[in-house]
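*Asks:*
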Amino acid sequence: MFQQTFLGPEPIAHAELGEVRELKGHGFAVIAVLAVLIFFQGLQPAFFTRPMEMSGQAARLMVTSASKPVWRDLSHEISTDGSLVRTSERTYPQIGAPVERGEILSPADLHPGRLPEAGEEHEGEVALARSEP
Numbered sequence: 010m011f012q013q014t015f016l017g018p019e020p021i022a023h024a025e026l027g028e029v030r031e032l033k034g035h036g037f038a039v040i041a042v043l044a045v046l047i048f049f050q051g052l053q054p055a056f057f058t059r060p061m062e063m064s065g066q067a068a069r070l071m072v073t074s075a076s077k078p079v080w081r082d083l084s085h086e087i088s089t090d091g092s093l094v095r096t097s098e099r100t101y102p103q104i105g106a107p108v109e110r111g112e113i114l115s116p117a118d119l120h121p122g123r124l125p126e127a128g129e130e131h132e133g134e135v136a137l138a139r140s141e142p
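Numbers in the numbering used here are just positions in the sequence shown, counted from 1, shifted up by 9.
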């Protein structure tokens, strides 16, 4: 009834092909794979966002040095734990190599946890009271 009401009769040019059939196994397989990928992306977003973390860290470089994150400033580097550190005596071949230590300029907080409550201390800062909407 829906087909005849909204779509009208089957066009005469395609009448020899017969009616449109419902989905078969391969159609359901494609839908199942897409559903699994959707759930995987929702449950494990870090798998997709991890390649973008370096861009965020480059933005942190811009904040601390007030310039584009070019590697001419040999004193800033991103450590293995994701913190922005100040190093010394680095040469161009060493740029991009894993850095274990250095003076931490900006600690890695790539996946923050819960927000601190009002008055609670969090990394040396006291949270202010939040106003409820």
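Ideal placement from N, C-alpha and C gives every residue a C-beta, glycine not left out. None of the values given here were measured: they were computed from a predicted structure.
Along the chain, where does the alpha helix (DSSP H) that runs through L93 open and close?
*Replies:* Position 84 of the sequence shown, counting from 1, holds the residue named residue 93. Where L93 is concerned, there is no enclosing alpha helix (DSSP H), although the beta strand (DSSP E) it sits in stretches over L93 to R95.
*Asks:* Determine the burial state of V94: buried for a count of at least 16 other Cβ atoms within 10 Å of its Cβ, exposed for fewer.
*Replies:* The residue you call residue 94 lines up with position 85 of the sequence shown. Its Cβ being crowded by 16 or more others within 10 Å, V94 is buried.
*Asks:* Taking just the CA atoms, how far does Q66 sit from I113?
*Replies:* For the purposes of this step, residue 113 is taken as the residue at position 104 of the sequence shown. For the purposes of this step, residue 66 is taken as the residue at position 57 of the sequence shown. Distance between the alpha carbons of I113 and Q66 is about 13 Å.
*Asks:* Run the CB neighbour count on E31, radius 10 Å, all protein chains shown included, and call it buried at 16 or more, exposed below.
*Replies:* Here residue 31 corresponds to residue number 22 of the sequence shown, with the count starting at 1. E31 should be labelled exposed.
*Asks:* Can you grab the Cα-Cα spacing for the pair S64 / S92, in whole Å?
*Replies:* Taking the sequence shown and counting its residues from 1, one reaches residue 64 at position 55. Taking the sequence shown and counting its residues from 1, one reaches residue 92 at position 83. Their backbone Cα atoms lie some 13 Å apart in a straight line.
*Asks:* Could you compute how far the alpha carbon of V42 sits from the alpha carbon of H35?
*Replies:* Position 33 of the sequence shown, counting from 1, holds the residue named residue 42. Position 26 of the sequence shown, counting from 1, holds the residue named residue 35. Distance between the alpha carbons of V42 and H35 is about 11 Å.
*Asks:* Return the CA-CA distance between A44 and I87, expressed in angstroms with no decimal places.
*Replies:* The residue labelled residue 44 in the question sits at position 35 within the sequence shown. The residue labelled residue 87 in the question sits at position 78 within the sequence shown. C-alpha separation (whole angstroms): 37 Å.
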